[in-house]
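Novice: My questions all concern the structure below.
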Amino acid sequence: MSASLKILHLFPRLLGLNGESGNVDILRLRSEWRGLPVEITRHDGGASAGFGEADLVFIGSGPTSAQLLAHPLVLDVAAELRELAADGRPFLAIGAGFQLLGQTIALEGGDVLEGAGVFPVATRHGGTRVVGDFVVESPRLGTVVGFENRGSFVDVGPHGTLGRVVYGRGNTETPFEEGFWEDNLLGTHMHGPILANNPGLADSLLDTARTRRGLSYTDPAPERLREIDDRAREARGTIAAAPLSE
Amino acid sequence: MALRTTAAVLVGRAVRVAARLRGGGSAIPGNIALRIDPGFLERTIARIPHGVVAVSGSNGKSTTTNMLAAIIRAHGLSVFTNPSGGNLPQGIASALLSEVSAGGRLNKDIAILEIDEGYGTRLAELLKPRTVLLLNIQIDQLNRYHEPDRVATMLGRVATASTDGLILNREDNFLVDMDARIPGRSGRRVSFFGGVPSLVDDASHGVASADRFDEGSAVPGSRAAAVEVVALDGARATLAIDPWTADGETGDSDAAGDAPSRTEIEVRLPARGMHYALDAAGAAATARSVLGERFRPELVTRALDTLETVYGRGEMLEVAGEQIEIIMMKNPASLQLNLDSLEGAPEQVFLAVDEGTPDPSWIYDIDFSALDHVDGITGSKAWQFAVRFGYLGIPVGEVDLDVRRALKAFLARPKPATGHKVMILNYEQMMLIRKILGFKELEGGGAA
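Chains as they are written, first to last, in UniProt numbering: chain E, 1 to 246; chain A, 1 to 448.
Structure below.
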């Protein structure tokens, strides 16, 4: 077996409304440019082939219509996903995908969907939709920026989060904390290619995956990543300096 | 009431003159007129003899409205239309101000109005369109509409308002069966436009229709088209047009192409690209629906031959003796389709994107392989684009958030050996850069 990282991309067809497949490309390139090859398995439903080998799991966001279609497909593989999570494989879950991997989703009509139970969180659809730049201060990574577009609340209980909201709303009515981040599990409503603006987050996920497998990079700091990371720092600075919302 | 209307018109006009002197039109005059006389727009429009044709969809509204107005004028009717971008109530009211008498009368036969999909429901109530043309539903401004399904619902309400004619793009995932998803209405003719499968499939990203996750009752392309794009050669397209029949059409007859009596015409497009050919087909199908037996296919050719392009839609600007092609990136679909229609990677290319595109996440869904480098990027989103190009391995010359300085540096670059320079701009940057370059005549508003 050649040494490569395996990324499992869940429901790329249904859940990828906001350019979120960009996150998977970014993870792949950041590893490959450092000399560690990556294989990507895309799962759009059906048998959970190749799940056991996954080193990192990604699930993106989508409209409610797509979320409802993805729901039974997620439940089909829920047990396997919980096993992967318990085994320390890093997860990045965004928006609708984060909600589906939680415990419950209360829909606006009153129905409550059961989630995959990977994340100990509960979602409630409703409230005023929040749309705009999103700035979060993460104790581990510093300033994390992106875009927030959600019409729901997520209750993460006493658990750890991505960080404190500096601009935007965050998990609940009270602007305070955003997302869920404990050990290998990271979930957020900072949608779109969150890893583009925040390469530190990508590296953290890759490090968790690599360390578990005992894999190392041959070239940890290639020039072209340094250049991209400089640009990402400028992008974060531009957004954080003058965040806007509707 | 008459006095109120007169006041609305006169004050609105005065504001309009003041705004023009300052170097730009806007929606403000219309806004003021509507405050003085809230019924001004509705009442004036209701008096137009042939009523209102509403054009909506994610992309191509301005181009198609422009084409349709020209085709209808070529048939001898006088047309009231809103300038591109002025597609909210206040923008339409602003456009009315320059055309009405002080008493609020409009001396036109028909109104052809592009309407913003987000305001579609409100505008449909206000304007009561007899005919509705829906172009497409593409991934567009998710920050504003959240998801394509919502846009489909909004446009469904506009379609429902049509009394005489409904014209739909059969290549669009959401529009192909729109007629079956809205309440039927006797006397409403439904017709379709589209392209032959080889052309639709050949466009490298198809027609960029948004994914639809519920079950449709018809597959895109399956409805018979009253107007079909049958050939495309650069910026010229051939349209095949069904003869008009008095007993209407359902779009359900056997595959188009069999009818021996179809008329083929050649038309000039604003620029290369299948999306422009479909816009022309939509405009022709709508003119056919509105005019009925008075419709003359050859007048479509004549009208489109002499049409001026709408700002930023395949427009070529001349700056200091140099040709610059403007590509407007309004949303993912328009950017992708315009990139696909480039003839080879541009030698000199500049990109400017600002807060008018609040969330550029979707650039990770765009295939940028039509570019082999970018010379300069500006606007507040510049660094986010620079990151994307970094991961794509597309070299980036200079990133400078100062638009004037970046523009100056780009214009100073050597003339391309072949062809022209290319600027890829979002709407707001296009307006700003036109102004910086001294193109004073701005659009009628709508961005307010």
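Note that beta-carbon positions come from the ideal geometry of N, C-alpha and C, so glycine has one too.
Remember, predicted model here, so these are calculated numbers, not experimental data.
1. Using a cut-off of 8 Å between C-beta atoms, extract the partners of residue 192/E located in chain A.
2. Just by C-beta distance, which residues in the segment 4-22 of chain E are closer than 8 Å to chain A?
3. Could you check if residue 136/A is buried or exposed, using at least 16 other CB atoms within 10 Å of its CB as the buried criterion?
4. Select from 394/A, 350/A, 361/A the residue whose C-alpha is nearest the C-alpha of residue 403/A.
5. Does the beta carbon of residue 1/E come closer than 8 Å to any beta carbon on chain A?
6. Can you name the residues of chain A whose CB is closer than 8 Å to the CB of residue 183/E?
7. For residue 224/E, collect the residues of the same chain with a Cβ closer than 6 Å to its Cβ; drop the 5 residues on either side in sequence, then sort them by chain order.
8. How would you label residue 23/A, buried or exposed, when you count the other beta carbons within 10 angstroms and need 16 or more for buried?
9. Express the C-alpha separation of residue 196/E and residue 388/A in angstroms, rounding to a whole number.
10. Taking CB distances under 8 Å as the criterion, tell me whether residue 448/A reaches chain E.
11. For residue 124/E and residue 96/E, I'd like the C-alpha separation in whole angstroms.
12. Bridge partners for residue 125/E per DSSP, in chain order?
13. Return yes when the Cβ of residue 11/E is within less than 8 Å of the Cβ of residue 70/E, no when it is not.
14. How many Å lie between residue 46/E and residue 375/A at the Cα?
15. Taking the alpha carbon of residue 449/A as the reference point, which residue from 353/A, 373/A, 416/A has its own alpha carbon closest?
16. For residue 322/A, which residues does DSSP report across the bridge?
17. Let me see if you follow: with CB-CB separation under 8 Å, is residue 198/E close to chain A or not?
18. Just grab the DSSP bridge partners of residue 209/E for me.
19. Rounding to the nearest angstrom, what Cα-Cα distance links residue 233/A and residue 189/A in this structure?
20. Would you mind telling me which residues of chain A sit closer than 8 Å to residue 162/E, beta carbon to beta carbon, in chain order?
21. Name the chain E residues that come within less than 7 Å of residue 417/A, Cβ to Cβ?
22. Along chain A, which residues have their Cβ under 8 Å away from the Cβ of residue 147/E?
23. Considering only their Cβ atoms, is the gap separating residue 75/E from residue 137/E smaller than 8 Å?
24. DSSP three-state label for residue 181/E, please.
25. Going by CA-CA distance only, name the one from 429/A, 336/A, 321/A that's closest to residue 416/A.
26. Report whether the distance from the Cβ of residue 40/E to the nearest heavy atom of the ligand GDP is below 7 Å.
27. Quick one: what's residue 133/E bridged to in DSSP?
28. DSSP has residue 5/E in a bridge; who is on the other side?
29. Have a look at residue 250/E and residue 155/A and give me their C-alpha separation to the nearest angstrom.
30. With distances taken between CB atoms, is the gap from residue 170/A to residue 192/A smaller than 8 Å?
31. Closer than 7 Å by beta-carbon distance: list the chain A residues that pair up with residue 66/E, in chain order.
32. Whole angstroms are fine: how far does the CA of residue 107/E sit from the CA of residue 127/E?
33. Please list, in chain order, the chain A residues whose beta carbon lies closer than 8 Å to that of residue 25/E.
34. Please return the same chain residues whose Cβ sits closer than 7 Å to the Cβ of residue 432/A, not counting the five positions on each side in sequence.
35. Evaluate the contact criterion for the segment 216-225 of chain A versus the segment 264-280 of chain A: three or more CB pairs, one atom per stretch, below 8 Å.
36. So, is the C-beta of residue 238/E closer than 8 Å to a C-beta in chain A?
Specialist: The relevant details are as follows:
1. 359, 361, 362, 364
2. 13, 14, 16, 17, 18, 19, 20, 21, 22
3. buried
4. Residue 403/A has its Cα closest to that of 350/A, out of 394/A, 350/A, 361/A.
5. Note on residue 1/E: pLDDT 47, under 50, position unreliable in the model; no value is reported.
6. Those within 8 Å of residue 183/E in chain A number zero; the least Cβ separation is about 27 Å.
7. none
8. Note that residue 23/A has pLDDT 42, beneath the 50 cutoff, so the model's placement of it is unreliable and the number below is only indicative. Classification of residue 23/A: exposed, given that the 10 Å Cβ count is below 16.
9. 7 Å
10. Summary for residue 448/A: the model assigns pLDDT 27, below 50, so the residue's position carries little reliability; its value from the coordinates is reported in the next sentence. Output row for residue 448/A: interface = no.
11. 12 Å
12. 152/E
13. yes
14. 46 Å
15. Because residue 449/A is not part of the residues shown, which for chain A are 1 to 448, the question remains open.
16. 319/A
17. By this cut-off, residue 198/E is not an interface position.
18. DSSP output for residue 209/E lists no bridge partner at all.
19. 31 Å
20. Within chain A, no residue comes near residue 162/E; the closest Cβ sits about 17 Å away, beyond 8 Å.
21. Going along chain E, no residue has its Cβ under 7 Å from residue 417/A, so there is no contact; the nearest lies around 29 Å.
22. 143, 358, 359, 361
23. no
24. strand
25. Of 429/A, 336/A, 321/A, the residue nearest in Cα terms is 321/A.
26. Of the ligands one can find in the structure shown there are none, so the ligand GDP has no counterpart to examine.
27. 147/E
28. 38/E
29. Residue numbering for chain E in the displayed model covers 1 to 246; residue 250/E lies beyond these limits and cannot be assessed.
30. Annotated as proximal: residue 170/A and residue 192/A, with beta-carbon spacing under 8 Å.
31. 213
32. Computed Cα separation, rounded: 11 Å.
33. 364, 391
34. 403
35. no
36. yes
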